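Engineer: I am attaching a structure below and will ask some questions about it afterwards.
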Amino acid sequence: MHRNKALGQPSSQFQIDAAGWAVGAQHVPSPNFDARAEGTEIALLVIHNISLPPSQFGGPYIADLFLNKLDYDADPYFDQLRPLRVSAHFLIRRDGTVLQFVSAHDRAWHAGVSSFCGQERCNDFSIGIELEGTDFDAFADAQYTALAALTVALKAAYPLMHVTGHEDIAPGRKTDPGPFFDWAEYQARYRVQQKQANIGEAAPDLAFRLM
Ligand SMILES: [Zn+2]
């Protein structure tokens with residue numbers, strides 16, 4: 001049962017390096033982050049969706065937004081984004097490609113005003129993962145696969161206890177990842193991949209969308 005370890009092979013698609021960057025992801029460092037408070041336990045994973053312009057997939061605009069390089073004149077919708085300085089740690093595109101903008105050691109600016117189990121300012125203690133998508137479309141199979149693999153790697157590197165949605169920590173203000181995000185599918189794939197990776201078994205299990 002310990003086949004992967006015995007061979008000494010990396011058994012997960014991603015691995016978090018000592019600086020908090022995922023080996024296996026494309027690294028596109030954003031300036032939109034700051035340091036977490038000393039001794040912060042990174043306990044929460046927050047799932048989002050985003051598409052720019054809304055409901056359009058595949059353009060460069062999400063990454064451009066997180067890098068403060070968005071051409072605000074490229075679409076009428078973008079004008080309202082001018083004041084934003086935002087970032088997620090990760091973006092998973094429709095084809096399953098994973099981009100990383102901020103080291104998971106650091107605080108990315110993805111959640112805004114938020115509260116999880118009475119703890120406010122979720123950016124302080126969470127890692128944010130954006131899925132390219134909307135509240136009205138099913139997510140791609142490749143996105144669940146990549147998300148599960150990334151979650152396995154992050155769980156092995158950080159004391160993550162819970163995974164939740166942006167809509168759950170900012171109710172009334174945010175609606176993502178929305179009704180088309182399949183939490184059961186995500187959880188099932190995570191469990192399978194975690195077993196295959198054979199890592200993190202001694203740690204407490206990850207609770208999915210526990211309010
Ligand atoms: Zn969000």
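Each residue of the sequence shown is one higher than the last, beginning at 1 in full-length UniProt numbering. Idealized CB from N, CA, C, for every residue including glycine. Everything numeric in this text was worked out from a predicted model, so none of it was measured.
1) Is the beta carbon of residue 193 less than 8 angstroms from the beta carbon of residue 98?
2) Got a list of residues with beta-carbon closer than 5 angstroms to any non-hydrogen atom of ligand 1, in chain order?
3) CA-CA distance, residue 133 and residue 96?
4) Just reading off the beta strand (DSSP E) that residue 92 is part of, what are its end residues?
5) Report buried or exposed for residue 55, applying the criterion of at least 16 other Cβ atoms within 10 angstroms of its Cβ.
6) For residue 190, count the other beta carbons within 10 Å of its own beta carbon; 16 or more makes it buried, fewer makes it exposed. Which is it?
7) Relative to the C-alpha of residue 215, which residue among 204, 16, 44 is closest?
8) At what residues does the alpha helix (DSSP H) containing residue 132 begin and finish?
9) Between the stretch 161-178 and the stretch 58-67, do at least 3 Cβ pairs fall closer than 8 angstroms?
10) Can you name, in chain order, every residue of its own chain whose Cβ lies under 6 angstroms from the Cβ of residue 13, other than the five neighbours on each side?
11) What is the C-beta distance between residue 90 and residue 50, in whole angstroms, given that I count them as a contact (C-beta under 8 angstroms)?
12) Using 8 angstroms as the threshold, is the C-beta distance between residue 94 and residue 138 below it?
13) Please state the DSSP three-state secondary structure of residue 185.
14) Could you say which of 208, 195, 36 lies nearest to residue 161 if we only look at CA atoms?
15) Of the residues 156, 77, 21, 176, which one's Cα is nearest the Cα of residue 110?
16) Among all the DSSP beta bridges, which residues are the ones paired with residue 115?
17) When we look at the beta-carbon of residue 84 and count the other beta-carbons within 10 Å, is it buried (16 or more) or exposed?
Structural biologist: Looking at the atomic coordinates:
1) Taking the sequence shown and counting its residues from 1, the one referred to as residue 193 is at position 193. Taking the sequence shown and counting its residues from 1, the one referred to as residue 98 is at position 98. Taking 8 angstroms as the Cβ cut-off, residue 193 and residue 98 do not qualify as a contacting pair.
2) 48, 166, 176
3) By one-based count along the sequence shown, residue 133 stands at place 133. By one-based count along the sequence shown, residue 96 stands at place 96. So the alpha carbons of these two residues sit roughly 12 angstroms apart.
4) As a working mapping, residue 92 is identified with position 92 in the sequence shown. Taken as a continuous stretch (DSSP letters only), the beta strand (DSSP E) holding residue 92 covers 90-92.
5) Along the sequence shown, read from residue 1 onward, the residue named residue 55 stands at position 55. Here residue 55 is exposed, its C-beta having fewer than 16 other C-beta atoms within 10 Å.
6) Sequence index remark: in the sequence shown, residue 190 carries index 190 (1-based). Classification for residue 190: buried.
7) Residue coverage of the chain in this structure runs from 1 to 211, which leaves residue 215 outside it and unanswerable.
8) In the sequence shown, the residue the question calls residue 132 occupies position 132. Careful: residue 132 lies outside any alpha helix (DSSP H), inside the beta strand (DSSP E) at 126-132.
9) Result no; under three Cβ-Cβ pairs closer than 8 angstroms.
10) Taking the sequence shown and counting its residues from 1, one reaches residue 13 at position 13. Here the set comprises 24, 149.
11) Position 90 of the sequence shown holds residue 90. Position 50 of the sequence shown holds residue 50. So it is not a contact: roughly 12 angstroms between Cβ atoms.
12) Position 94 of the sequence shown holds residue 94. Position 138 of the sequence shown holds residue 138. No; because the gap between Cβ atoms is not below 8 angstroms, this pair is not in contact.
13) Walking along the sequence shown from the start, residue 185 turns up at place 185. Helix.
14) Residue 161 sits at position 161 when you count from the first residue of the sequence shown. Answer by Cα proximity: 208.
15) In the sequence shown, counting from the first residue as 1, residue 110 sits at position 110. Nearest C-alpha to residue 110: 176.
16) Numbered from 1 along the sequence shown, position 115 holds the residue referred to as residue 115. DSSP lists 120 as partners of residue 115.
17) Taking the first residue of the sequence shown as 1, we reach residue 84 at position 84. Classification of residue 84: exposed, given that the 10 Å Cβ count is below 16.
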